[in-house]
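>
Residue numbers (UniProt numbering): 1 to 380.
1. Note down, in chain order, each residue of its chain lying with its Cβ closer than 6 Å to the Cβ of residue 319, except the 5 sequence neighbours on either side.
2. For residue 242, which residues of its own chain have a beta-carbon under 8 Å away from its beta-carbon, when the five flanking residues on both sides are left out?
3. Examine the Cβ distances between the region 358-367 and the region 316-334 and report whether three or more of them are shorter than 8 Å.
4. Within 10 Å of its beta-carbon, does residue 366 have 16 or more other beta-carbons around it, so buried, or fewer, so exposed?
5. Just to confirm before moving on: does the CB-CB distance between residue 296 and residue 341 stay below 7 Å?
6. In this structure, does DSSP put residue 46 in helix, strand or coil?
7. What does a CB cutoff of less than 6 Å around residue 344 pick up in its chain, not counting 5 residues either side in sequence?
8. Threshold first: 4 residues or longer. Then list the alpha helix (DSSP H) segments lying entirely within the region 198-279, N to C.
9. Can you tell me whether DSSP reads residue 289 as helix, strand or coil?
10. If you reduce the DSSP assignment to three classes, tell me which class residue 374 lands in.
11. Taking the continuous beta strand (DSSP E) assigned at residue 152, which residues delimit it?
12. Among 228, 284, 278 and 159, which one has its Cα closest to the Cα of residue 376?
13. Bridge partners for residue 305 per DSSP, in chain order?
14. Determine the closest residue to residue 169 out of 257, 268 and 349, with distance taken between C-alpha atoms.
15. May I have the straight-line CA-CA distance separating residue 230 from residue 267, to the nearest angstrom?
16. If you draw a straight line from the C-alpha of residue 223 to the C-alpha of residue 259, how long is it?
17. Based on the DSSP output, what are the partners of residue 145 in its beta bridges?
18. Residue 246 and residue 216 - do their beta-carbons sit closer together than 7 Å?
19. What does the Cβ neighbour count give for residue 196, buried or exposed, with the cut at 16 atoms within 10 Å?
20. Keeping to the same chain, check which residues put their C-beta closer than 8 Å to that of residue 371; ignore five residues upstream and five downstream.
21. Can you say whether residue 347 is buried or exposed, counting buried as having 16 or more other CB atoms within 10 angstroms of its CB?
Right, dumping it as C-alpha cells:
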C-alpha cells in the first residue's frame, strides 16, 4: 500500500513539473522571438547558445551562435494601422508570436480613406533597371531580404539582379550572403545584442550597419531616445570611420514612432546617419507611401523601409485578400523603385512561418523557394 502511495506522489510531482515547463507565448518582434525561435521566458541566453537542429532549412553556423529572430510588435496609428495616416488597422511590427497591443495603439475600425501622398508612384519602365515589380530580371537593385532563416541553403534561390540587401534582426549575417551577391547589413537590435554586435561588427565584416529595432515599442528594443543616442554614439558612430553606411533605428509607423525618431534625432544632432529606417503595417498602399514620404520630408534624408506588409493589426476591418496583397505589393514596390530617395525596402516575409501576420504576405513556399508573390517581389 505504501509503495502505491509513493508511486502516485511521484507521478503527480512529474505532472506538476511538466506543466510548469510548457511552451510560452512570445510577443511579436521581441528580441527573443524576432528570430522566429519560440522560447520560454528568460531563456534567450540559453537558446542562443543551443545548437539549432541540422536540416535543410536552418543549419547551425560553424563559429558564431545563430541568433533568435526578433518579431515585430503592432503599433497602431490614428486609425489602428501600424503607422501614421493610414492603412486599415496595421501596426508597427507584430510578427511572429502573440501580438501584444501597445499603449499608443488606437482601435481600428474600417479602412479609412487614404490621404493623397505628396509623392505618387511612377509607372514602371520595363526597359531599364528602374522598372516596376513585374519586370522579370530587372529592377532598381533596392530589394532586400529580412531573413530569419539562418544558414538556409535556399538563400541561393533568392538572389536576382534586383535583390541586393539582407539583414537578420541581429549582428549575424549568413555565411554565404556575400558570395551570393548580397550586401549584408548587421543590426544592433537592442541592448540584449550589444555584446555580439561589438564582437562581430568590425572593419571588413560588412559595409552597412543598422540601428535598433522598434525602440518605441515595449517588447522590442524599448529604449528612450536619449538612451538610444548614447548607444548610437558609442557603438555605431565609430563605424562610419571604418567604411560603414549607417542606417537609423527603425520605428513603427504609429505616431509614437515618429515622435521617438524626432526626439532621437534632436538629441543625436552630431550622430552620423546616412538614411532613416521605418516600418509600416497597414492595408492601404497609399498610406504607406504617405508615411514614407513624410519621414523623408521630416528628416531630409534617404529612407530604408525595413519592414512592410499588407497587414491589419487593428482588430476590425478584415485582412487583405490575396488579390489585395498583390495590388499592395505592385503599388508600393513601384513607388519604391521609382523614388530616388528610397534606397532599400524589405517585405515581410521571406520565411517559413508568418506567425501572426496575414499569411497571404508570405513570400516563401513550403520548399523554401520564392512562391508567386516572392518571385514578383524579387523580380525573378
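Idealized CB from N, CA, C, for every residue including glycine.
Answer, in terms of the structure:
1. Taking the first residue of the chain shown as position 1, residue 319 is located at position 319. Counting only Cβ-Cβ distances below 6 Å, and skipping sequence neighbours, we find 312 and 358.
2. Numbered from its first residue, the chain shown carries residue 242 at position 242. Excluding positions up to five away in sequence, the list reads 202 and 203.
3. Enough Cβ pairs lie closer than 8 Å, so yes.
4. Taking the first residue of the chain shown as position 1, residue 366 is located at position 366. A residue is called buried when at least 16 other Cβ atoms come within 10 angstroms of its Cβ; residue 366 does not meet this threshold and is exposed.
5. Walking along the chain shown from the start, residue 296 turns up at place 296. Walking along the chain shown from the start, residue 341 turns up at place 341. With respect to residue 341, residue 296 sits close: the two C-beta atoms are nearer than 7 Å.
6. Taking the first residue of the chain shown as position 1, residue 46 is located at position 46. Bear in mind that the predicted position of residue 46 carries a pLDDT of just 28, short of 50, making it unreliable; the figure below should be weighed with that in mind. Of the three classes helix, strand and coil, the one that applies to residue 46 here is helix, per DSSP.
7. Residue mapping note: residue 344 aligns to position 344 of the chain shown, counting from 1. Answer for residue 344: 142, 144, 165 and 304, listed in chain order.
8. Note on the region 198-279: whole alpha helix (DSSP H) runs with a minimum of 4 residues are 225-235 and 255-267, in chain order.
9. Here residue 289 refers to the residue found at position 289 when the chain shown is read from its first residue. Note: residue 289 maps to helix in three-state DSSP.
10. If you number the chain shown from 1, residue 374 lands on position 374. Taken through DSSP and simplified to helix, strand or coil, residue 374 comes out as helix.
11. Numbered from 1 along the chain shown, position 152 holds the residue referred to as residue 152. Per DSSP, residue 152 belongs to no beta strand (DSSP E) and is neither H nor E.
12. For the purposes of this step, residue 376 is identified with residue 376 of the chain shown, where counting begins at 1. Proximity to residue 376 across 228, 284, 278 and 159 peaks at 159, based on C-alpha coordinates.
13. To locate residue 305, count along the chain shown from 1; it is residue 305. According to DSSP, residue pairing for residue 305 in a beta bridge involves 278 and 345.
14. The residue given as residue 169 occupies position 169 in the chain shown. Of the listed residues, the one whose Cα sits closest to residue 169 is 349.
15. Residue numbering aside, residue 230 sits at position 230 when the chain shown is read from its first letter. Residue numbering aside, residue 267 sits at position 267 when the chain shown is read from its first letter. Distance between the alpha carbons of residue 230 and residue 267: 9 Å.
16. As a position in the chain shown, residue 223 is number 223, starting the count at 1. As a position in the chain shown, residue 259 is number 259, starting the count at 1. So the alpha carbons of these two residues sit roughly 13 Å apart.
17. The count along the chain shown starts at 1 and reaches residue 145 at position 145. Paired residue(s): 166 and 347.
18. As a position in the chain shown, residue 216 is number 216, starting the count at 1. As a position in the chain shown, residue 246 is number 246, starting the count at 1. No, they are not a contact pair.
19. In the chain shown, residue 196 corresponds to position 196, counting from 1. Residue 196 comes out buried.
20. In the chain shown, the residue the question calls residue 371 occupies position 371. Counting only Cβ-Cβ distances below 8 Å, and skipping sequence neighbours, we find 362, 363, 364 and 365.
21. For the purposes of this step, residue 347 is identified with residue 347 of the chain shown, where counting begins at 1. Per the 10 Å Cβ criterion, buried.
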